[in-house]
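> Numbering (our numbering), first residue to last: 51 to 344.
Glycine included, every Cβ here is placed at the ideal spot set by N, Cα and C.
Since we're looking at a predicted model, the values are computed, not measured.
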DNA sequence: GCTCAGGGTCTCG
DNA sequence: CGAGACCCTGAG
């Protein structure tokens, strides 16, 4: 186990922020979160003002510190919000613990192709089935709440995110149980491409590309349009200047920024603010509404 | 039952 | 360019 203090971070808010689909609160005592990313797995819980992780200090710094974007200055991002922008100020206040995770490129590519014209609970189901059916089964460590109120470690089983080759091998027939709808052919196409040397080279090039080039490269792929390309840039390549406009953000811009969102003001990190707004719209509870479940 | 929307993209005119 | 089609499913 490893204990660390982290500011500007809330596990539940991140789990509900719509950027990751294998990060969830466990239905167990102790408010424990299970977090699967690419081939890794960890569980985490908050203990007073620190976080507890079910991994070693070494693994935390090799894998999870980057994943949680710990080098970034979220206090700085927040402080740049225009003082007269009441909507954004409220959104940041509400989602104070949201961060932009640095996720695996392949996993983001596939999960955000699945996300198009789809809803978050359905995306979660599809991604979950994708991993249990075609991802390698691995042994990991989780957390348990002990009788004395402290946490212990526990062996557990999880599934890695499936490789391009294993999705390709599944074929459209194998993908059918995921209820991907018409997106199945996009997923298969991407997996076929990424199984070839040409596709692997393309992925390596994508990792090195700047935002503009990466966006252009992504648009060339079957099933990837402007919006998904921006999500891959933001969540899979950590180009935090990318500003994906989906149906929710579009509605926010229409009702709160009729003159247009001041992208210039937040150049280079507008994606961070996009995420606060997205989280706020989906999760802030107006009186009489229930909290959306995961 | 029915309609509608959900972190859009493709195809066709 | 713009309009429609598109798989599927839960909410109203």
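Ignoring anything shorter than 4 residues, give me the alpha helix (DSSP H) runs that lie fully in the stretch 175-232, in order along the chain.
214-225
> Identify which residue in 330, 152, 218 and 131 has its Cα closest to the Cα of residue 116.
152
> Please list, in chain order, all residues of the same chain as residue 293 whose beta carbon is under 7 Å from its beta carbon, the five residues on each side excluded.
280, 313, 320, 321 and 324
> Taking all protein chains shown into account, do 16 or more other C-beta atoms lie within 10 angstroms of the C-beta of residue 227, making it buried, or fewer, making it exposed?
exposed
> Suppose contacts are defined by Cβ-Cβ distances below 8 Å. Is residue 230 in contact with residue 164 by that definition?
yes
> Mind checking residue 338: buried by the 16 CB within 10 Å criterion, or exposed?
With a pLDDT of 47 at residue 338, under the threshold of 50, the predicted position of this residue should be treated as unreliable, though the coordinate-derived value follows. So residue 338 ends up on the exposed side.
> For residue 248 and residue 255, I'd like the C-alpha separation in whole angstroms.
11 Å
> Alpha carbon to alpha carbon, how far is residue 286 from residue 243?
18 Å
> In this structure, what does DSSP give as the bridge partners for residue 74?
84
> Which runs of the alpha helix (DSSP H) spanning at least 4 residues fall entirely within the stretch 235-278, listed in chain order?
247-258 and 261-269
> Using 8 Å as the cut-off, can you tell me whether the stretch 121-130 makes contact with the stretch 214-223, which would need three or more C-beta pairs spanning the two stretches below that distance?
With a cut-off of 8 Å, the stretch 214-223 and the stretch 121-130 do not count as touching, because too few Cβ pairs lie within range.
> Closest by CA to residue 332, which one among 135, 69, 56 and 58?
69
> For residue 190 versus residue 196, is the C-beta spacing smaller than 8 Å?
Cβ distance not < 8 Å, so residue 190 and residue 196 don't count as in contact.
> For the alpha helix (DSSP H) holding residue 140, just list the boundary residues, first then last.
136-144
> With burial defined as no fewer than 16 other Cβ atoms inside 10 Å of the residue's Cβ, what is the status of residue 161: buried or exposed?
Result: buried.
> Which residues mark the beginning and the end of the alpha helix (DSSP H) in which residue 285 is found?
Neither: residue 285 is in no alpha helix (DSSP H) and is coded neither H nor E.
> Return the Cβ separation of residue 142 and residue 272 in integer angstroms, given the expectation that the two are a contact with Cβ distance under 8 Å.
Between residue 272 and residue 142 the Cβ distance is about 37 Å, and since that is not below 8 Å, they are no contact.
> Along the chain, where does the alpha helix (DSSP H) that runs through residue 52 open and close?
Not the alpha helix (DSSP H): residue 52 falls in the beta strand (DSSP E), residues 52-54.
> Please classify residue 130 as buried or exposed, where buried requires at least 16 neighbouring CB atoms within 10 angstroms.
exposed
> Check this for me: beta carbons of residue 328 and residue 298, under 8 Å apart or not?
yes
> With 16 other CB atoms within 10 Å as the buried threshold, where does residue 232 fall?
exposed
> Since residue 102 is in the alpha helix (DSSP H), which residue starts that stretch and which ends it?
Not the alpha helix (DSSP H): residue 102 falls in the beta strand (DSSP E), residues 100-103.
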